[in-house]
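S.K.:
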Amino acid sequence: MKFEIPIGPQHPALKEPISLRMTVEGEVIRDADIRLGYNHRGLEKLAEEKTWIQNIYLTERICGICSHSHTSCYVQGVEKLMELAPPRRGLYIRYLISELERVHSHLLWLGVAGHEAGFDSFFMYTWRDREVVMDLLEMISGNRVHYAMNAIGGVRRDLDDAQRQKILDGVAVLRKRTEYYFHIGANEPSFVGRLAGVGRLTKERAVALCAVGPTARASGVARDVRKDDPYAVYDEIDFELCTADTCDVLGRTVVRIKELMESYKIIEFIVRNLPAGEIAVRAPRKAKPNEAVSRYEAPRGENIHYIKSNGSDKPERLKVRAPTLANYPATVEMLRNGFIADIPLIFAAIDPCICCAERSVELIDARSGEERTVRMSDLRRLAAARRRASGLKGKAEWPF
Amino acid sequence: MLKKLARWSRLKSPWILHLNSGACNACDIEIVAALTPRFDVERFGILLKATPRHADVIVCSGPVTRQIKDRVIRIYEQVPDPKFVIAVGACAMSGCVYRGAYNIMGGIDQVIPVDVYVPGCPARPDAIIDGVVKLLGKL
Amino acid sequence: MSDEQIIERLKQDLGAKALELTHPDKRRIFLKVVPADLVSVATLLRDAYDMAHLSTVSGVDKGATFEVVYHFASPVMNLNLRVEVPREAPRLPSICAVIPGAILYERELQDMFGLTVENIPDSRPLVLPDGWPAGQHPLRKDWKHERPPEVIPGGKS
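In structure tokens:
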């Protein structure tokens, strides 16, 4: 007996609207279908009518969480088009902001994963720590989100020594707290029990469906644009590519926490070894006809921009592929043969630019046609009850 | 008497529904950040609710895309009276950088009537709380 | 393998199929083939060059033709495969049998440019809204959008 359940598009607590239709048999999902388009803003067409500099502000607002990754990817591509060589100090500052953004995005995701797993205190703790990073970003750039730091040819603002010291202090605090989260993520039995085995994606399917980012890295696929195609300063910095081989949501959590620790190492390296010099070079208004492909490792995966110019001051074509789009076929695969109660967790595990929270699920009885609304919080409680019944007890120790 | 009680409870603890009509998520994260320990909007009695039927105030962000326009209107009609709408962010006010795109209606006020506008790109959590307080002052 | 070694191997393997092969930058190769060879070249890249990862598919409207670029990636190289189709007969074969992850990108091409991708497993529109009139493809250069006049509630119009 198969039912179809629509989910979305309105998500009461968070982010982008998207519509999922699940075909279910009992509690098991047999098939899933995604309807995009609620967030389609006609950006690529708009970009053709704006100049190169105006496009920096347009690409920044593609996504709020990874805004700097879109601008950096775009600016990298335009610098290749115009054959500019930005100074090293500018590049170091640009990628310092990138790593700070990665930290804030992963802390955000940890909070949301905790909330989906029923662990609301974890959500509050990680988002409180995220405020440390937001303060650092505000100190450097002037805004908490959409820090307009990139200019074609470099960055717009410089760092002085007092700010560098504050960044190092902030990172030291965050490092201690992240080690505590690692301890919880890996050792707390109820949290582990909630996440393990959910949303399985084998390595072959991850490669065939072109999954990117921590979603793929948790299935053992060792791909990271910072290692494969190092742009600017990443070939001088020593850091590890983090993978896990459990292929489920627990693996994705562990990969993200490990990436946090690597990001702290990178931030400290950049701040300690900041070269002296200018922060930007002048860029011409018009670009010769040329094309460029720019790839970048955003917190969610590989971000790719394809830019073509035609000799004027506006681009001929700007093509943007954000990482979450690449993970949708993989999500459909993960939802198959999963349970309804796991839907919020599986969907949150790809770190969509739609991190969920509360949603209403409408169950339509195929025979009688009557509708019953079930809240996501009820589904979450159902899942927690099921796990409790299977004999896992939580023994959390709170060191502070 | 009952009316006064209802009015007092609405003033003292408005329940909000968060609606994203095609935004870039920056304003939405700032709305959720208002719940976290730093800004802590729950001490004012403001709760983020899941369903439109429980809410008093709709907090809306994002330029309205054509696809979601009908859903926004449907949700607005599902919220019981008296209801108020807060438009958060530059996109919800006028479309921000997306003004003129083929899939965008403009601001939220092209679709549903708005009571309070909170500017910013994105609007800071402090500004959002200020917007809610100003709305309560108007009641 | 270094960039030059990959280019040499490609020239040997593809022979006359490669209409144009350029190497403008480190780790960037641009290769042009005819649409009929698309599936066989994609299979070759996936099996022999470890390029199972398709980053995305971009379409460009060049007036008389549409140019479609497939961006493949391996751990050491980024190869961009170009095909051109004439505007009057915009048809392309689908590579979903070779790379299952290409389905969303091909659906987007159909929506935005009006290209027909043959043998596509799922040909529903991807990003355009439900009531969108058929035959309107936004990313074509000749598709202009007239903004309807906006009404500012309670203010000057």
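Chains as they are written, first to last, in this note's numbering: chain D, 1 to 400; chain H, 1001 to 1139; chain A, 2001 to 2157. Idealized CB from N, CA, C, for every residue including glycine.
Hey, how far is the Cα of H:C1018 from the Cα of H:G1137?
M.R.: For this step, residue 1018 of chain H is matched to residue 18 along the second sequence. For this step, residue 1137 of chain H is matched to residue 137 along the second sequence. It is worth fixing the name first, because residue 1018 of chain H is His in this sequence and not Cys. Computed Cα separation, rounded: 21 Å.
S.K.: Using beta carbons (cut-off 7 Å, strictly below), is D:P329 in contact with chain A?
M.R.: In the first sequence, the residue the question calls residue 329 of chain D occupies position 329. Chain A, which has a Cβ nearer than 7 Å to the Cβ of D:P329, makes this yes.
S.K.: Which residues in chain H have a C-beta closer than 8 Å to the C-beta of A:D2130? List them in chain order.
M.R.: In the third sequence, the residue the question calls residue 2130 of chain A occupies position 130. By Cβ distance, chain H contributes Q1067.
S.K.: For H:R1124, does the three-state DSSP call read helix, strand or coil?
M.R.: One-based indexing of the second sequence puts residue 1124 of chain H at position 124. Correct three-state label for H:R1124: coil.
S.K.: Please list, in chain order, the residues of the stretch 1047–1071 of chain H that have any C-beta partner in chain D closer than 9 Å.
M.R.: Here the close residues are L1048, K1049, A1050, T1051, P1052, A1055, G1062, P1063, T1065, R1066, Q1067, I1068 and R1071.
S.K.: So does the stretch 1086–1097 of chain H actually touch the stretch 1109–1121 of chain H, counting three or more Cβ pairs closer than 8 Å?
M.R.: Counting Cβ pairs under 8 Å, three or more are found: they touch.
S.K.: With distances taken from CA atoms, which of H:V1132, H:L1135 and H:V1059 is nearest H:S1021?
M.R.: As a working mapping, residue 1021 of chain H is identified with position 21 in the second sequence. For H:S1021, the nearest C-alpha among the options comes from H:V1059.
S.K.: Run the CB neighbour count on D:S67, radius 10 Å, all protein chains shown included, and call it buried at 16 or more, exposed below.
M.R.: Counted from its first residue, the first sequence places residue 67 of chain D at position 67. With 16 or more Cβ atoms within 10 Å of its Cβ, D:S67 is classed as buried.
S.K.: Tell me where the alpha helix (DSSP H) around D:R102 begins and ends.
M.R.: On the first sequence, position 102 is the one that residue 102 of chain D refers to. First-last of the alpha helix (DSSP H) with D:R102: R88 to E116.
S.K.: Residues of chain H with CB under 9 Å from D:C63, in chain order?
M.R.: For the purposes of this step, residue 63 of chain D is identified with residue 63 of the first sequence, where counting begins at 1. Chain H residues near D:C63: C1024, N1025 and A1026.
S.K.: On the DSSP bridge list, what partners appear for D:A292?
M.R.: Taking the first sequence and counting its residues from 1, the one referred to as residue 292 of chain D is at position 292. Answer is D:I307.
S.K.: Counting only beta-carbon separations shorter than 7 Å, does A:N2080 have a partner in chain D?
M.R.: Along the third sequence, one-based indexing puts residue 2080 of chain A at 80. Yes, A:N2080 counts as interfacial toward chain D.
S.K.: Find out if the Cβ-Cβ distance for the pair H:G1100, A:R2140 is shorter than 7 Å.
M.R.: Residue 1100 of chain H sits at position 100 when you count from the first residue of the second sequence. Residue 2140 of chain A sits at position 140 when you count from the first residue of the third sequence. Their beta carbons are not under 7 Å apart, which means H:G1100 does not touch A:R2140 by this criterion.
S.K.: Which residues of chain H have a Cβ atom closer than 8 Å to the Cβ of A:H2145, listed in chain order?
M.R.: Here residue 2145 of chain A is taken as the residue at index 145 of the third sequence, counted from 1. Going along chain H in sequence order, the residues near A:H2145 (Cβ under 8 Å) are G1100, A1101 and Y1102.
S.K.: Give the interface partners of D:Y57 over in chain H, defined as CB-CB distance under 8 Å, in chain order.
M.R.: Taking the first sequence and counting its residues from 1, one reaches residue 57 of chain D at position 57. The answer, in chain order, is V1097.
S.K.: Output, in sequence order along the chain, the residues in the stretch 2029–2063 of chain A whose CB is closer than 7 Å to any CB in chain D.
M.R.: So the list reads A2052, H2053, L2054, S2055, T2056, S2058 and V2060, given in the order they occur along the chain.
S.K.: Short check: CB of D:A211 to CB of D:N55, under 7 Å?
M.R.: The residue labelled residue 211 of chain D in the question sits at position 211 within the first sequence. The residue labelled residue 55 of chain D in the question sits at position 55 within the first sequence. No, Cβ-Cβ distance for D:A211 and D:N55 is not below 7 Å.
S.K.: Output the distance between the C-alpha atoms of D:K50 and D:K286, rounded to the nearest integer angstrom.
M.R.: Translated into the one-based positions of the first sequence, residue 50 of chain D becomes position 50. Translated into the one-based positions of the first sequence, residue 286 of chain D becomes position 286. In a straight line, the C-alpha of D:K50 is about 12 Å away from that of D:K286.
S.K.: Within the 7 Å Cβ cut-off, does A:L2126 reach chain D?
M.R.: Reading the third sequence from its first residue, position 126 is the one you call residue 2126 of chain A. Taking Cβ atoms only, chain D reaches closer than 7 Å to A:L2126, which makes this a yes.
S.K.: To which residues does DSSP link H:N1020 through a beta bridge?
M.R.: For the purposes of this step, residue 1020 of chain H is identified with residue 20 of the second sequence, where counting begins at 1. Note: H:N1020 sits in a beta bridge opposite H:S1061.
S.K.: A:P2138 versus chain H: which residues are under 9 Å apart at the beta carbon?
M.R.: Numbered from its first residue, the third sequence carries residue 2138 of chain A at position 138. Y1102 and N1103, listed in chain order.
S.K.: If you measure from the beta carbon of H:P1014 to each beta carbon in chain D, is any gap under 7 Å?
M.R.: Numbered from its first residue, the second sequence carries residue 1014 of chain H at position 14. For H:P1014, the answer is no, since every Cβ of chain D falls outside 7 Å of its Cβ.
S.K.: With three or more beta-carbon pairs closer than 8 Å as the criterion, would you say the stretch 193–209 of chain D touches the stretch 261–275 of chain D?
M.R.: At 8 Å Cβ cutoff, the stretches do not touch.
S.K.: Say whether chain A places a C-beta atom closer than 7 Å to the C-beta of D:Y147.
M.R.: The residue labelled residue 147 of chain D in the question sits at position 147 within the first sequence. Not closer than 7 Å to any Cβ of chain A, the Cβ of D:Y147 fails to qualify, so no.
S.K.: So, do the stretch 198–211 of chain D and the stretch 238–252 of chain D have three or more beta carbon pairs nearer to each other than 8 Å?
M.R.: Touching, per the Cβ criterion.
S.K.: I'd like to know whether the C-beta of H:R1038 is nearer than 7 Å to at least one C-beta of chain E.
M.R.: This model lacks chain E altogether, as its protein chains are D, H and A.
S.K.: Quick check: what's the CA-CA separation for A:T2065 versus A:P2129?
M.R.: Residue mapping note: residue 2065 of chain A aligns to position 65 of the third sequence, counting from 1. Residue mapping note: residue 2129 of chain A aligns to position 129 of the third sequence, counting from 1. Rounded to whole angstroms, A:T2065 to A:P2129 spans 26 Å at the Cα level.
S.K.: Determine whether the Cβ of D:H70 lies closer than 7 Å to any Cβ atom of chain A.
M.R.: Looking up residue 70 of chain D in the first sequence gives position 70. D:H70 does not count as touching chain A.
S.K.: Thinking just about the alpha-carbon of each residue, which of D:Y296, D:G311 and D:S309 is nearest to the one in D:A322?
M.R.: For this step, residue 322 of chain D is matched to residue 322 along the first sequence. The option with the nearest alpha carbon to D:A322 is D:Y296.
S.K.: Strictly under 7 Å for the Cβ-Cβ distance: is H:I1073 near chain D by that measure?
M.R.: In the second sequence, counting from the first residue as 1, residue 1073 of chain H sits at position 73. For H:I1073, the answer is no, since every Cβ of chain D falls outside 7 Å of its Cβ.
S.K.: Relative to chain H, which residues along the stretch 114–132 of chain D have a C-beta separation below 7 Å, given in chain order?
M.R.: Listed by position, the residues of the stretch 114–132 of chain D near chain H (Cβ gap below 7 Å) are M124, W127, R128 and E131.
S.K.: Candidates A:A2073, A:D2003, A:P2138 and A:K2011: which alpha carbon is nearest D:A208's?
M.R.: Here residue 208 of chain D corresponds to residue number 208 of the first sequence, with the count starting at 1. Nearest option by C-alpha distance: A:A2073.
S.K.: List, in order along the chain, the chain D residues whose C-beta lies closer than 9 Å to that of H:R1007?
M.R.: Within the second sequence, residue 1007 of chain H is the residue found at index 7, counting from 1. Here the premise fails: no neighbours, minimum Cβ distance about 25 Å.
S.K.: Taking D:L325 as the query, report the chain A residues whose CB atoms sit under 7 Å from its CB, ordered along the chain.
M.R.: In the first sequence, residue 325 of chain D corresponds to position 325, counting from 1. The answer, in chain order, is L2104.
S.K.: Could you tell me how far apart the beta carbons of D:R223 and D:A216 are, in whole angstroms, since I believe they sit closer than 8 Å?
M.R.: Taking the first residue of the first sequence as position 1, residue 223 of chain D is located at position 223. Taking the first residue of the first sequence as position 1, residue 216 of chain D is located at position 216. About 6 Å; that satisfies the 8 Å criterion.
S.K.: Taking only three categories from DSSP, how would you classify A:H2071?
M.R.: To locate residue 2071 of chain A, count along the third sequence from 1; it is residue 71. Residue state, collapsed to three classes: strand.
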